[in-house]
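Chains as they are written, first to last, in the working numbering: chain A, 1 to 502; chain B, 503 to 619. Some notes on the structure that comes next.
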Amino acid sequence: MNDIILFPIINQLFFAIVTLFLWRYSRWQKAISVVGNLIGFVIAIVFLLTVWDEGILTYNAGNWAAPLGITFVGDMLAATLILLTSICGMAVSMYSAGSMDRDRLSFGYYPIFHFLLLGLNGAFLTGDVFNLYVWFEMIIISSFVMITLGGEKRQLEGAIKYFTLNVFASVIFLTAIAVLYGLTGSLNMADLSLKVAQIENKGLVEITGLLFLIGFGIKAAVFPMYFWLPASYHTPPAAISAIFGGLLTKLGVYALVRTFTLIFFDIEFLNTVILVLGGLTLFSGALGALIQNNITKMFSYLIICHIGYMIIGLGLHTELAIAGVVFYLVHDIIVKSNVFMISGLIYKLKGTYSMRDLGGMYAKHPLLSLIMAISFFSLVGIPPLSGFWPKIAFISESLKTKGGGWLIAAILFGTFMTLYIIARMWAQVFWKARPEVKIRESFLYFKDHRLLHKIEMIVPIVGLTIITLMIGFGAEKVQQLALVVSDQLINKQHYINAVLGK
Amino acid sequence: MELILAIVVGLLYASGIYMMLRRSLVKLIIGLILLGNGANLLIFLLGGITKGSPAIIAPDQQMLTEIYADPIPQALILTAIVISFGLQAFAIVLIKRAYIVAKTDDLYQMNSTDVYS
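Set out below in structure tokens:
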């Protein structure tokens with residue numbers, strides 16, 4: 001039964017290859033990709049239920065016993081994230097079927113999309129640091145192709161910044177692996193957890209932890225290292241921004257959570273650094289979003305702002321705070337993908353991203369506006385929607401920490417700023433009367449799309465909105481899940497025993 | 503030997519970061535290549551250098567008895583080299599396209615995605 005760990009990986013690999021063979025038949029690619037992601041969703045649910053029932057599953061590649069070979073580990077965190085990846089992948093795959101232009105489709109959009117999801121699933125499942133590096137490289141190579149696909153001027157300029165800083169982050173990550181291997185002589189995360197705790201020279205451990213923090217922090221867009229994100233995320237089409245905004249930065253958060261709960265735990269210095277960075281991330285992301293006029297750029301800054309909550313939760317490092325991080329991950333992946341798809345839909349309807357030129361959405365499309373409003377409110381965290389619940393955990397745990405006042409100030413500041421930013425956007429885009437804007441000649445407006453494409457663009461947005469509502473109203477269930485995940489993360493012995501087979 | 507390698511690694515990192523901070527696109531890529539090579543050499547160095555004793559069991563023996571060179575860092579470097587080779591190939595095509603489309607190789611001129619619009 002442990003073979004089920006490999007199914008999410010194999011499924012995506014299979015559909016990447018199938019769509020590769022159908023290079024010239026983009027209509028087939030669309031259908032097969034949606035079906036493939038549907039199968040992936042079913043696999044993810046079965047996988048989650050299996051891990052829930054049977055505890056942590058492991059699979060030794062090539063049947064090499066645990067600390068020697070590469071181990072794949074399916075714990076609750078990995079299973080939850082794979083489920084979210086499959087939901088997000090299904091929505092974006094359908095949305096791109098409707099909205100992606102023919103040029104991008106005929107240059108291999110779908111195969112690369114599946115390779116990206118393959119890399120994500122692999123990164124969540126691996127239990128080996130170097131293998132994690134390889135999956136990271138697979139993800140960034142796929143994302144480089146996706147961000148440059150189309151070759152527009154602004155895309156290439158954004159891609160150079162995205163490329164440089166992501167490759168730099170990988171080099172730092174590789175350096176960290178080198179130092180860690182030099183210190184312990186092991187690459188298996190469970191084994192590292194035991195060996196790092198035994199190292200006498202704590203200074204070296206802290207430095208290695210900092211290297212991991214920088215490497216993953218660049219990818220997660222943490223405070224002083226986020227500048228590549230707002231420079232590049234708004235350049236590709238909305239479907240690609242949705243998968244980037246929803247999943248790629250959260251991969252960085254996942255890697256941080258994994259390394260700093262399993263390998264570098266209970267190190268006072270590192271937790272303090274993480275807390276400070278988290279607070280500053282909240283401040284700077286919110287202030288950046290405040291002055292934007294382009295709605296996708298504004299959402300890019302909001303990604304940074306909301307990463308701050310998860311980083312603070314990680315730095316607090318209590319069971320409830322980690323549960324809050326997991327809850328926030330669940331909420332954020334769904335909602336951030338959705339807001340990028342919504343901004344893409346607004347672009348299709350009005351032909352511009354600029355808030356100055358937008359307006360009159362509510363008068364013209366009241367029903368669509370209502371659906372969009374639910375996602376925006378959830379982004380702000382208005383109870384009972386999904387963004388509200390994890391913040392309770394962050395605030396109540398901050399109260400118990402020394403100097404927690406600053407953290408609470410940062411959390412409340414981030415929340416109020418998000419509220420103000422969304423309210424301002426709502427007034428500008430939805431309420432204000434539409435200013436006179438010339439109709440663009442060679443632009444394919446939403447009303448000129450075929451009915452099938454219109455449906456393919458609306459259905460994922462509605463679907464993700466329903467999931468947001470379900471997370472909000474079924475918060476108790478999600479919190480239970482999050483508590484089980486954080487229990488496994490805090491009590492590492494389960495993970496270590498499952499991997500090393502004791 | 504360790505000391506020389508440590509100095510070389512430091513030089514590679516320093517020169518890589520220096521090149522990355524220049525304005526030219528080509529120097530940016532050269533900087534990334536130097537950094538990658540520095541990281542590979544660092545793995546090799548930290549794996550421990552053992553001279554002249556490969557991890558091969560002699561035909562008349564059952565197991566390794568003496569100190570032998572750790573083969574894992576070499577496998578890691580091999581993987582990292584292949585990956586960085588792919589990334590470099592992509593990077594070179596990317597800067598060529600960016601040069602053709604943006605008509606400049608000066609990074610200061612490539613700010614259309616950062617300006618307020």
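C-beta: ideal position from N, C-alpha, C; glycine also. The structure displayed is predicted, hence computed values, not measured ones.
key: Per DSSP, the bridge partner or partners of Ser354/A   = Asn294/A
request  = Assign Arg104/A to one of two classes, buried (16 or more other C-beta atoms within 10 Å of its C-beta) or exposed (fewer than that).
outcome  = buried
task = Compare the C-beta of Arg424/A against all C-beta atoms of chain B and say whether one is closer than 8 Å.
result = Arg424/A does not count as touching chain B.
request  = Enumerate in chain order the residues of its own chain whose CB-to-CB distance from Asp128/A is below 8 Å, with the five nearest sequence positions on each side excluded.
outcome  = Beyond the five residues adjoining it in sequence on each side, Asp128/A comes within less than 8 Å, by CB distance, of Ile70, Thr71, Leu187, Asn188 and Met189 in the same chain, given in chain order.
inquiry  = For a test of your reading of the model: does the CB of Trp228/A fall under 7 Å from any non-hydrogen atom of the ligand COA? Yes or no.
reply    = Absent from the structure shown: the ligand COA. Ligands present: none.
Under 8 Å from the C-beta of Arg599/B: neighbouring residues of chain A = Thr148, Gly151 and Leu156
ask   = Span of the beta strand (DSSP E) holding Asn60/A?
value = Leu57 to Asn60
inquiry  = Here's the rule I'm using: 16 or more other beta-carbon atoms within 10 Å means buried, otherwise exposed. How should Met303/A be labelled?
reply    = Here residue 303/A turns out to be Ile, not Met, going by the sequence shown. Burial call: buried.
query = Would you report the Cα separation of Ile295/A and Trp426/A, rounded to the nearest angstrom?
reply = Our two residues, Ile295/A and Trp426/A, have alpha carbons roughly 11 Å apart in a direct line.
Chain-ordered residues of the region 177-201 of chain A with a beta carbon less than 7 Å from chain B = Ala178, Val179, Tyr181 and Gly182
request  = Rounded to whole angstroms, what's the CA-CA distance from Lys529/B to Ile535/B? Just pull it up for me.
outcome  = 10 Å
Of the listed residues Leu262/A, Ala159/A, Ile411/A and Ser375/A, nearest to Phe340/A (C-alpha basis) = Ser375/A
inquiry  = Which runs of the beta strand (DSSP E) at least 3 residues long sit entirely within the region 296-325 of chain A? Give them in chain order.
reply    = none
message = On the criterion of 16 or more Cβ atoms from any shown chain inside 10 Å, does Ala516/B qualify as buried, or is it exposed?
response = With fewer than 16 other Cβ atoms within 10 Å, it is exposed.
query = The beta strand (DSSP E) spanning Thr71/A covers which residue range?
reply = That run of the beta strand (DSSP E) goes Thr71 to Gly74.
ask   = Looking at chain B, which residues of the region 284-302 of chain A have a Cβ within less than 7 Å of any of its Cβ atoms?
value = The residues in question are Asn293 and Asn294.
key: Beta-carbon spacing of Ser232/A, Thr615/B below 8 Å   = Going by C-beta atoms, Ser232/A is nearer than 8 Å to Thr615/B.
key: Check whether Leu523/B and Gly540/B have beta carbons under 8 Å apart   = no
query = In angstroms, rounded to a whole number, what distance separates the CA positions of Leu412/A and Thr552/B?
reply = 56 Å
Proximal residues of chain B, C-beta to C-beta of Val171/A below 7 Å = Leu537, Gly538 and Ala541
query = Alpha carbon to alpha carbon, how far is Ile39/A from Leu77/A?
reply = 21 Å
inquiry  = List, in chain order, every chain B residue whose beta-carbon is nearer than 9 Å to that of Phe244/A.
reply    = Neighbours of Phe244/A on chain B: none; closest Cβ ~14 Å, over 9 Å.
inquiry  = Please report whether the beta-carbon of Pro575/B lies at a distance below 8 Å from any beta-carbon of chain A.
reply    = yes
message = For a cutoff of 8 Å on Cβ pairs, would you count Ala593/B as touching chain A?
response = At least one chain A Cβ lies under 8 Å of Ala593/B.
request  = Taking only the alpha-carbon atoms, compute the straight-line gap between Gln559/A and Tyr420/A and give it to the nearest angstrom.
outcome  = Absent from the structure is residue 559/A, since the part of chain A shown begins at 1 and ends at 502.
Rounded C-alpha distance that separates Tyr520/B from Ser526/B = 12 Å
query = Whose Cβ in chain B lies nearer than 8 Å to the Cβ of Thr164/A?
reply = Met522, Leu530 and Leu534
key: chain A contact residues for Ile545/B, given Cβ-Cβ distances below 8 Å   = What Ile545/B touches in chain A: Leu174, Ile177, Ala178 and Tyr181.
query = Residue range of the alpha helix (DSSP H) that Leu385/A falls in?
reply = Careful: Leu385/A lies outside any alpha helix (DSSP H) and carries neither H nor E.
inquiry  = So the candidates are Tyr301/A, Leu149/A and Phe388/A; which of them puts its Cα closest to the Cα of Arg599/B?
reply    = Leu149/A
message = Within a Cβ cutoff of 7 Å, which residues of the same chain sit near Val462/A, ignoring the five residues on either side of it in sequence?
response = Ile371
ask   = Can you tell which of Trp64/A, Met94/A and Val51/A has the C-alpha that lies nearest to the C-alpha of Leu81/A?
value = Val51/A
key: Outcome for Gln563/B when other beta-carbon atoms lying within 10 angstroms are tallied against a minimum of 16   = The residue in question, Gln563/B, is exposed, as its Cβ has fewer than 16 Cβ neighbours within 10 Å.
request  = Flag Glu319/A as yes if its beta-carbon sits less than 8 Å from any beta-carbon of chain B, otherwise no.
outcome  = no
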